[in-house]
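Right, one structure below, let's go through it.
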Amino acid sequence: MRTGSRSAKIVTAVAAAVVIAVVWSGCAPPPAAPTEPYRAPRTAGGAPDLNGIWQSLNTANYDIQAHAARPALALAPAPPRTGAPGLDRATPIALPAPQVRALGAVGGVPAGEGVVEGDEIPYLPAAAAIKKENAEHWLERDPEIKCFMPGVPRATYMPYPFQILQGTDTILMVYEFAGTTRTIHMNDVVDSPSETWMGLSRGHWDGDTLVVDVTDFNDQTWFDRAGNFHSNALHVVERYTPVSPHHLMYEATIEDPNVFSRPWTISMPLYRRFEEDKQILEYKCVEFVEEAMYGHLGLIDPGTGQANK
Amino acid sequence: MSYRHIVAAGTLAAASVIAAFALGSAAAQDSEGGPAPEAGAWSQSRTAWGDPDFQGVWRYEADIPLERPSQLEGRELLTDEEVAQREEIEADQQAKRLEGFEGGAVGRLSIAESPIRGNEYNSFWQDHGRPRQVYKQTSLIVDPRDGQIPYTPDARKAAARSTARYGVGPFESYLDPDTGERCLTDGVTAMMWQGPNGGHNQFVQSPGFVTILHEEFRDRRVIPVDGRAHGNIRQWFGDAVGHWEGDTLVVDTTNFLDRTNYEWASIWTRPSETLHLVERFTRISADMMDYQITIEDPTTFSGAWTAVIPISRLADDTQIYEYACHEGNYAMPNLLSGARADAAKKSASPR
């Protein structure tokens, strides 16, 4: 009986675990009945209604590939300890670089599973070397640090909300970071007369999915803080698919024959920010970065009040 | 009693007369300069959910100075002869611009009163692309009736100081150029009527929001028109809430950040915590919008002032281009290194 009772308990526990597992897996990722795909409500004009404020919830802006947690974005090897028997180490320990040391745990990098399909970015060999160099010189090179426009797709998964505003022939994507706005042209539009940071965006509907074809980029933006980059031959095709009243699935296919050997794809859910009266607020970061960019260049450094040498 | 005093006595009545005039004048000329459309030919177009439809790209194309020039003191309107004369000048300037003649520049105030010294370099920033529209109105400011910004005595000094510094310096650090040169903004107050240099304003409407995307500095306003109250967060562009009064969009903006300690090319565009804007947007024809703005700020002005501004709609395929100012601000390091070179030269030269 005791044995029987115990195995009954185990069976019950296993069954409960299965139930919990089923319920749990039913919660993530965004639910969709297997038979009938979600159909988005329509705007007054009859298009799928994607209006709202959206935000990603992941660590892709740190690194779009899978990554372990680490002490800081900028690391420097600790100087070797020599001359003390029993304290010398085979490999140096990576410590936060002096410029970011004071930030402590706030400056650490949270781990993440990555958003790249197959977790592989197909860099050409020369480009792979540049990516590595970018990562090593993150502090000097990441355009985010300088408050430059973040480019596409990075704008989508920065840790700020963005708003989709569906006009008649135009959809605006209004980003908080650096006050950037993208105009998605739903009508014909001529090519951009020059290269751009945020690209020229042409949109169309594929069922409920907003497909945006983005071209005319410059080579100045990155994909993340890990140094992943592209050239001015970048071509991005984005897909925004409503999968529930509160979720969009976002997918971007990235093509750049100067940097990658084949197209590759990232994907992630976007979550609706449905707090009452939620707005995209200002993040005018130019005035936040001027001291770092220009403080040392003038006659006087306002940060120290001293004359520059 | 001088004429000015008589004028002051009837300020409010006059403001509405001028406003009505501006509407009539704008409606009577289409953007091609051709004959006015048949009366009643245009009716207010509406969005799918029934609001007046302002969507498209709009720009201030009139030749009216913000403040009334001193030579027109006491006169609210030009004569027909003066209008004809100005139209001739505009046509002549346009021809010269098309031939590549530099120096036909127009600053934000007027040709004679451009704040930019040595217009030659700067004239390309100011290319209107087509002749400006000539109006009888002698100043955008209709209230007070003298057509002048009612600065407080302190603000008048600050304005004179900023005019004297603009383009001249000293520039000891990045804090010394004006907010425009720092690629921050020229201020929300002037956004709608800034003119040719990136003065395009794209209106996009979606249920509950009217969004205005301004080209220069990629300034942007997402204005809720869903009945919400003001929030409590201070911003450069404040906290705008809109509502419809008939076919007029009324936008009330408060909660500005205090940025009076930055340098401004024109201090009347600077935000302070006491700044309050009330704007009225009315589409009056296919091509024209009547825009009125009332500006109140005891930090800078002795009383509220109102400007009445005709805004033109541009062709359907007009695009707002990306404005990457800070991203390409080579002027800032060059300005600072120039100031250092000047200082080095001065200290090296014998006295």
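First to last, the sequence lines map onto chains P and B. Here our numbering is used: the first residue of the first sequence is 1, the next is one more, and so on. Here our numbering is used: the first residue of the second sequence is 310, the next is one more, and so on. Here a beta-carbon is modelled for each residue, glycine too, at the ideal position from N, C-alpha and C.
So residue i packs on residue j, CB below 8 Å; how close in whole Å?
| i | j | result |
| --- | --- | --- |
| L645 (chain B) | Y294 (chain P) | 6 Å |
| P122 (chain P) | R239 (chain P) | With a Cβ gap of about 20 Å, P122 (chain P) and R239 (chain P) do not count as contacting. |
| T583 (chain B) | D561 (chain B) | Actually they are not in contact, since the Cβ atoms of T583 (chain B) and D561 (chain B) sit about 15 Å apart, beyond 8 Å. |
| R530 (chain B) | T181 (chain P) | Contact flag wrong, Cβ pair sits at about 11 Å. |
| L210 (chain P) | W54 (chain P) | The Cβ separation is near 12 Å, so there is no contact. |
| E376 (chain B) | Q503 (chain B) | Not confirmed; about 16 Å, so no contact. |
| P619 (chain B) | D596 (chain B) | The pair is not a contact, with the Cβ atoms about 10 Å apart (cut-off 8 Å). |
| A633 (chain B) | W197 (chain P) | 6 Å |
| G166 (chain P) | D119 (chain P) | The residue you asked about is not Gly; residue 166 (chain P) is Gln in the sequence shown. Actually they do not touch by this definition, with Cβ atoms about 34 Å apart. |
| G199 (chain P) | K131 (chain P) | Rounded, the Cβ-Cβ distance is 21 Å, inconsistent with contact. |
| Y62 (chain P) | R225 (chain P) | 5 Å |
| L387 (chain B) | T447 (chain B) | 6 Å |
Using the Cα positions of residue i and residue j, report the straight-line distance between them to the nearest angstrom.
| i | j | result |
| --- | --- | --- |
| G46 (chain P) | T557 (chain B) | 26 Å |
| G507 (chain B) | R81 (chain P) | 59 Å |
| R649 (chain B) | R368 (chain B) | 39 Å |
| H230 (chain P) | P642 (chain B) | 27 Å |
| G108 (chain P) | T488 (chain B) | 34 Å |
| A105 (chain P) | T59 (chain P) | 16 Å |
| P85 (chain P) | E113 (chain P) | 41 Å |
| P79 (chain P) | P92 (chain P) | 7 Å |
| A129 (chain P) | N258 (chain P) | 14 Å |
| H185 (chain P) | R439 (chain B) | 26 Å |
| P453 (chain B) | W614 (chain B) | 6 Å |
| A127 (chain P) | W222 (chain P) | 13 Å |
| H246 (chain P) | R272 (chain P) | 5 Å |
| A468 (chain B) | V477 (chain B) | 15 Å |
| E498 (chain B) | T563 (chain B) | It is Thr, not Glu, that sits at residue 498 (chain B) in the sequence shown. Their Cα atoms are separated by approximately 12 Å. |
| Q99 (chain P) | T170 (chain P) | 43 Å |
| Y617 (chain B) | Q353 (chain B) | According to the sequence shown, residue 617 (chain B) is Val rather than Tyr. Approximately 20 Å, taken between the alpha carbons. |
| I542 (chain B) | V550 (chain B) | 13 Å |
| P580 (chain B) | S621 (chain B) | 26 Å |
| P269 (chain P) | A252 (chain P) | 12 Å |
| D88 (chain P) | V243 (chain P) | 56 Å |
| E144 (chain P) | L73 (chain P) | 13 Å |
| S201 (chain P) | G305 (chain P) | 45 Å |
| V513 (chain B) | P41 (chain P) | 20 Å |
| V443 (chain B) | L623 (chain B) | 17 Å |
| D495 (chain B) | D362 (chain B) | 27 Å |
What residue does the alpha helix (DSSP H) around residue i start on, and which one ends it?
| i | result |
| --- | --- |
| I130 (chain P) | P125 to E136 |
| P533 (chain B) | Premise fails: P533 (chain B) lies in the beta strand (DSSP E), R529 to P533, not in any alpha helix (DSSP H). |
| G303 (chain P) | Segment: none, G303 (chain P) is in no alpha helix (DSSP H) and carries neither H nor E. |
| L645 (chain B) | A640 to A657 |
| T472 (chain B) | P462 to R474 |
Can you tell me whether residue i is buried or exposed? The criterion is at least 16 other CB atoms within 10 Å of its CB, across all chains shown.
| i | result |
| --- | --- |
| G83 (chain P) | exposed |
| F274 (chain P) | exposed |
| A155 (chain P) | buried |
| H296 (chain P) | exposed |
| V236 (chain P) | buried |
| N218 (chain P) | buried |
| R568 (chain B) | buried |
| Y250 (chain P) | buried |
| G365 (chain B) | buried |
| G179 (chain P) | buried |
| W264 (chain P) | buried |
| N187 (chain P) | exposed |
| D301 (chain P) | buried |
| Q380 (chain B) | exposed |
Give the range of the beta strand (DSSP E) segment to which residue i is assigned.
| i | result |
| --- | --- |
| E195 (chain P) | Segment: none, E195 (chain P) is in no beta strand (DSSP E) and carries neither H nor E. |
| G203 (chain P) | L200 to D206 |
| Y175 (chain P) | T170 to Y175 |
| V237 (chain P) | H235 to S244 |
| S56 (chain P) | G52 to S56 |
| N510 (chain B) | N510 to S515 |
| A252 (chain P) | H247 to E255 |
| A549 (chain B) | D548 to E554 |
| F288 (chain P) | Note, F288 (chain P): premise wrong, no beta strand (DSSP E); alpha helix (DSSP H) at V286 to Y294. |
| G365 (chain B) | G365 to R368 |
| D213 (chain P) | T209 to T215 |
Quick check: does the Cβ of residue i come within less than 7 Å of any heavy atom belonging to the ligand ZN?
| i | result |
| --- | --- |
| I602 (chain B) | In the structure shown, the ligand ZN is absent, as is every other ligand, since no ligand is present at all. |
>> I'd like to know if the region 147–167 of chain P and the region 277–297 of chain P are in contact, where contact means that at least 3 CB-CB pairs between them fall below 8 Å.
In response: yes
>> Count Cβ pairs between the region 548–564 of chain B and the region 581–591 of chain B that sit closer than 8 Å; are there 3 or more?
In response: yes
> Is it true that the region 602–619 of chain B meets the region 460–471 of chain B, where meeting means three or more beta-carbon pairs spaced less than 8 Å apart?
Replying inline: yes
> Do the region 517–524 of chain B and the region 533–545 of chain B meet, that is, are 3 or more Cβ pairs less than 8 Å apart?
Replying inline: yes
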